[in-house]
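J.: Structure below; questions to follow.
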Amino acid sequence: MVKKRLLLFPVLFFVLLLQANDYNTYFSDGRIRMNYTIQGNSAYQEILEHSYILEGVWGGSKANLVDTFSYGRVMLEGYDFYSNKLIYSRGYSNLFQEWQTIAEAKTTVKKFRECVLFPRPKNKVKIIIHARDSNLVFQPFFKTELDPAVFPVTSDPSKNQEYQTVHGHYPSHKALDIVFVSEGYTSDQKDKFIGDVERFRDNLFRWEPYSLYQNKINVHAVFLASEEQGVDIPGDSIWKSTWLDATFYTFGIERYMSVPDLTKVYDYLSGVPIDQLCVLINSEKYGGGGIYNFYNIFTSDNERAAFLFIHEFGHGFAGLADEYFSSEVAYEDFVRTDLEPVEPNITTLVDFAGKWASLVHDSIPVPTPDKSQYDNVIGVFEGASYQAKDVYRPARDCAMKTSTYGKFCPVCTEHIIRMIGFYSY
Ligand SMILES: [Zn+2]
Numbered sequence: 058m059v060k061k062r063l064l065l066f067p068v069l070f071f072v073l074l075l076q077a078n079d080y081n082t083y084f085s086d087g088r089i090r091m092n093y094t095i096q097g098n099s100a101y102q103e104i105l106e107h108s109y110i111l112e113g114v115w116g117g118s119k120a121n122l123v124d125t126f127s128y129g130r131v132m133l134e135g136y137d138f139y140s141n142k143l144i145y146s147r148g149y150s151n152l153f154q155e156w157q158t159i160a161e162a163k164t165t166v167k168k169f170r171e172c173v174l175f176p177r178p179k180n181k182v183k184i185i186i187h188a189r190d191s192n193l194v195f196q197p198f199f200k201t202e203l204d205p206a207v208f209p210v211t212s213d214p215s216k217n218q219e220y221q222t223v224h225g226h227y228p229s230h231k232a233l234d235i236v237f238v239s240e241g242y243t244s245d246q247k248d249k250f251i252g253d254v255e256r257f258r259d260n261l262f263r264w265e266p267y268s269l270y271q272n273k274i275n276v277h278a279v280f281l282a283s284e285e286q287g288v289d290i291p292g293d294s295i296w297k298s299t300w301l302d303a304t305f306y307t308f309g310i311e312r313y314m315s316v317p318d319l320t321k322v323y324d325y326l327s328g329v330p331i332d333q334l335c336v337l338i339n340s341e342k343y344g345g346g347g348i349y350n351f352y353n354i355f356t357s358d359n360e361r362a363a364f365l366f367i368h369e370f371g372h373g374f375a376g377l378a379d380e381y382f383s384s385e386v387a388y389e390d391f392v393r394t395d396l397e398p399v400e401p402n403i404t405t406l407v408d409f410a411g412k413w414a415s416l417v418h419d420s421i422p423v424p425t426p427d428k429s430q431y432d433n434v435i436g437v438f439e440g441a442s443y444q445a446k447d448v449y450r451p452a453r454d455c456a457m458k459t460s461t462y463g464k465f466c467p468v469c470t471e472h473i474i475r476m477i478g479f480y481s482y
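Each position in the sequence shown, counted from 1, maps to that position plus 57 in the working numbering.
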């Protein structure tokens, strides 16, 4: 056993060395932001136009360039043009895809503005964007080529935004860089914003496993002054002139917040190392949202804001599903029970071996009764992701289920740790 372990280390080291070399071989300092307009309905999507912007700093890992999680609804891939080697990939979800699941998308075509970041390639690359089909299989829907030598990549350093690091100061490619951006704060409220960010930072570090990995995390704050305080609340006919046009009542759901144009946010982050975007809304109203590797949004001053941030960040950062199953949310057919869902913390038992089956002790019944004797075990509890039947969660309770529970279940905890490791290696 000891000999086997000794053998493993050199092999692992060699693999990691190869990955680090890939960055130096294929990429140079800086990052490319690809802005695009995506259009479609419930049945299709297409990219109408796209452009590239050269930005200051690559904040992601230089060792983990290829996505090993395959979470999310969209997958960006970059291939070296000449060798056809996959040199970068990243899974994410988007507001467009969420809109595709509501009833309106069956009868309407809509456009959304989005962007995605990748490290600056040295040579010509092929870029492919995939979306999941109805069987959750990634299918390419957009292909293009980027040749940095000839393609008109624009650079706009004038929009480089100042930022303040409120935790970390670790090298950005070896840390998870969480960036808080202000929305609905007026020019005289910068101190309030920084104080709010520090409060959310302290809250994050009160929760395991984040508390155990503070030395792998940077927290940055970017202040954008809005003309007016607050944010749009269409249901109450409240309209505010704010920097990012964030709003409540997304898809008609009062508490669901969104930013309509992601490119507008990133226009002011071009010099900021970023792995996770958090838009902090200056409001007392309850609300928020988290979309995997896209953004996290939440309000500053609601009494439940501290928990909401932790919960939404579970979606936006770790790709976790909701573990609750009674909701006003109006998505149609949210989970297909004949397929294994993508998220790591729910299962339909179609491919349970690929989820947390190895963590369930033989003595635990499947499905596991929702009784107090199973309070602290990893099991298979029916009801998750807005569905009471045929979708299962790993524990009776979890921060992805209940606001008052106070911790993540062991399966969610493990995935958060893996995700921090991905960004910080
Ligand atoms: Zn959980």
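Glycine included, every Cβ here is placed at the ideal spot set by N, Cα and C.
Whole angstroms is fine: what's the gap from TYR227's alpha carbon to ILE274's?
T.: Using only the alpha carbons, I get a separation of about 8 Å.
J.: Starting from ASP447 and walking both ways along the beta strand (DSSP E), at which residues does that stretch end?
T.: Element bounds for ASP447: 444 to 450.
J.: Return the chain-ordered list of same chain residues with a C-beta closer than 7 Å to the C-beta of TYR462, the five sequence neighbours on each side being excluded.
T.: Taken in chain order, the residues that qualify are ASP454, CYS455, ALA456.
J.: DSSP on GLN157, reduced to helix/strand/coil?
T.: Residue state, collapsed to three classes: helix.
J.: Suppose only complete runs of 4+ residues qualify. What are the alpha helix (DSSP H) ranges in the segment 76 to 103, listed by chain order?
T.: Counting only runs of 4 or more, we get nothing.
J.: Can you tell me which of the three DSSP states HIS224 falls into?
T.: Strand at HIS224.
J.: According to DSSP, simplified to helix, strand and coil, what is HIS277?
T.: HIS277: strand per DSSP, three-state reduction.
J.: Whole angstroms are fine: how far does the CA of GLU439 sit from the CA of VAL207?
T.: Cα to Cα, VAL207 sits roughly 55 Å from GLU439.
J.: Could you tell me whether any non-hydrogen atom of ligand 1 is closer than 7 Å to the CB of GLU265?
T.: Checking every heavy atom of ligand 1 against the Cβ of GLU265, none is found closer than 7 Å.
J.: Report the CB separation of TYR83 from PRO178 in whole angstroms; it is logged as a contact under 8 Å.
T.: With 8 Å as the limit, TYR83 and PRO178 qualify as a contact, their Cβ atoms being about 6 Å apart.
J.: List the residues that DSSP assigns as beta-bridge partners of ILE348.
T.: Note: ILE348 sits in a beta bridge opposite TYR352.
J.: Roughly how many angstroms lie between the CA atoms of LYS167 and GLU161, to the nearest whole one?
T.: Distance between the alpha carbons of LYS167 and GLU161 is about 10 Å.
J.: Given a cut-off of 8 Å, decide if PHE175 and GLN102 are closer than it, judged by their beta-carbon atoms.
T.: Going by C-beta atoms, GLN102 is not nearer than 8 Å to PHE175.
J.: Report the rounded CA-to-CA distance for GLY241 versus ILE251, giving the unit in angstroms.
T.: Spanning the two alpha carbons is a distance of roughly 14 Å.
J.: Count the other C-beta atoms from every protein chain shown that fall within 10 angstroms of the C-beta of ARG90, then say buried if there are 16 or more, exposed otherwise.
T.: Buried is the call here.
J.: Considering only DSSP beta bridges, list what ALA206 is partnered with.
T.: Partner(s): none; ALA206 has no beta bridge.
J.: Taking a contact to mean a Cβ-Cβ separation below 8 Å, would you say LEU233 touches ILE473 in this structure?
T.: For LEU233 and ILE473, no; Cβs fall outside 8 Å.
J.: Where in the segment 105 to 189 do unbroken runs of the beta strand (DSSP E), each at least 3 residues long, occur, reported from the N-terminal end onward?
T.: The segment 105 to 189 contains these whole beta strand (DSSP E) runs: 131 to 137, 143 to 149, 167 to 178, 182 to 189.
J.: Quick check: ALA445 and ILE403, are their CB atoms within less than 8 Å of each other?
T.: No, the Cβ-Cβ distance between ALA445 and ILE403 is not below 8 Å.
J.: Could you check what DSSP says for PHE250 in three-state terms: helix, strand or coil?
T.: It is helical.
J.: Can you tell me whether GLU289 is helix, strand or coil according to DSSP?
T.: The question names Glu, but residue 289 in the sequence shown is Asp. If DSSP states are grouped into helix, strand and coil, ASP289 belongs with the strands.
J.: I'd like to confirm something about GLU369: is its beta-carbon nearer than 7 Å to some heavy atom of ligand 1, or not?
T.: No - ligand 1 has no heavy atom lying nearer than 7 Å to the Cβ of GLU369.
J.: Sort out for me which residues DSSP pairs SER238 with in a bridge.
T.: It is worth fixing the name first, because residue 238 is Val in this sequence and not Ser. VAL279, VAL336.
J.: What residue range is occupied by the uninterrupted alpha helix (DSSP H) comprising GLU471?
T.: Run containing GLU471: 467 to 481, per the alpha helix (DSSP H) assignment.
J.: Report the option in VAL114, SER127, PRO426 whose CA atom is closest to the CA atom of ALA375.
T.: Closest option to ALA375, Cα to Cα, is SER127.
J.: I'd like the list of long-range same chain contacts for GLY129, defined as Cβ closer than 8 Å, with 5 residues on each side in sequence excluded.
T.: Result list for GLY129: GLY148, TYR149, SER150, TYR349, ASN350, GLY376, VAL399, in chain order.
J.: Alpha carbon to alpha carbon, how far is GLY344 from ASP358?
T.: If I take the Cα positions, the gap works out to 10 Å.
J.: In whole angstroms, give me the CA-to-CA distance for VAL468 and VAL392.
T.: Near 19 Å, if we compare the C-alpha coordinates of VAL392 and VAL468.
J.: Determine, using beta-carbon pairs with one atom in the segment 333 to 347 and one in the segment 364 to 374, whether at least three such pairs fall under 8 Å.
T.: Yes, the segment 333 to 347 is in contact with the segment 364 to 374.
J.: Is the closest heavy atom of ligand 1 to the C-beta of PRO401 under 7 Å?
T.: It does not: the Cβ of PRO401 is nowhere closer than 7 Å to a heavy atom of ligand 1.
J.: Leaving out the 5 sequence neighbours to the left and right, which residues in its chain are closer than 6 Å to ASP318 when beta-carbon positions are compared?
T.: Hits under 6 Å: ARG170.
J.: Can you round the beta-carbon distance between SER298 and THR243 to whole angstroms, since I take them to be within the 8 Å contact cut?
T.: Contact flag wrong, Cβ pair sits at about 10 Å.
J.: Can you list, in chain order, the residues of its chain whose CB lies under 8 Å from that of TRP156, leaving out five sequence neighbours each side?
T.: Counting only Cβ-Cβ distances below 8 Å, and skipping sequence neighbours, we find ALA162, LYS167, PHE169, PHE308.
J.: Pull up the distance between the alpha-carbon of LEU301 and that of PHE355, whole angstroms please.
T.: Approximately 14 Å between the Cα atoms of the pair.
J.: Can you grab the Cα-Cα spacing for the pair LEU367 / TYR139, in whole Å?
T.: Looking at the sequence itself, residue 367 is Ile, so the reference to Leu does not match. Those two C-alpha atoms are separated by around 43 Å.
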